[in-house]
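Numbering (this note's numbering), first residue to last: -6 to 150.
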C-alpha cells in the first residue's frame, strides 16, 4: 500500500522523527476507515512505538524501510533496518517475552520500573495493549525485518 525509506542516521538524529513519521503515515492510511480520526490515533500510536524501539536499538548505518499494507481488517507494518547480531537478539528476546504466559506481568514490570526503560517496552506494549502479532527475521546485508500485524478496527461496526 505505502512504503517510505530513509537513512537510519538521519532518522535517528532527532527523536521527534518518530512522531512525525508515524503521524504522517497514519493520516495516509486512515482516510477510508469508519472512524478515520480514531483509527489514525491508534495507528499513529502503534507505529510510533515501533519507530521509537528502532530509534533506541538499531545497527550503525544503512537504510530504514517502512512499508504498510492492509488486507481486510488486518494492518501489517514492516520495518527493515540495520541490525547486527546483538541488536537482533534484543528483538528476539522481546518477542519471546510476548509469547510467554507472563507477557502482561512483564509489560507492567517494565512500564513501572524506576530504572531505565527496557528496550522491549514498546514491543511489549504493542503485544499486550494492542494485541499485535510481532515477528522478526533476517533481511540480509546486516539488516533485519520487524513485522507487526494489528487489528485496530472491527470491520463489522
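For every residue, glycine included, the Cβ atom is placed at its ideal position computed from N, Cα and C.
Distances from the CA of residue 137 to each of 119, 30, 75, 114 were compared; the closest alpha carbon is that of 75. In the structure shown, residue 128 adopts extended strand secondary structure according to DSSP, grouped into three states. DSSP assignment within the region 15 to 52 yields the following whole alpha helix (DSSP H) runs of 4 residues or more, N-terminal first: 29 to 49. Counting C-beta pairs closer than 8 Å gives fewer than three between the region 56 to 68 and the region 89 to 96, which falls short of the contact rule. Between residue 72 and residue 50, the C-beta spacing is not below 8 Å.
Per DSSP, the continuous alpha helix (DSSP H) segment holding residue 92 begins and ends at 78 to 92.
Judged by DSSP secondary structure, residue 4 falls outside any beta strand (DSSP E) and instead within the alpha helix (DSSP H) spanning 1 to 4. Judged by DSSP secondary structure, residue 114 falls within the alpha helix (DSSP H) whose first and last residues are 114 to 122. DSSP places residue 104 in the uninterrupted alpha helix (DSSP H) bounded by 96 to 104. DSSP places residue 145 in the coil class of the three-state scheme, outside both helix and strand. With a cutoff of 8 Å on beta-carbon distance, residue 114 and residue 35 are scored as not near each other.
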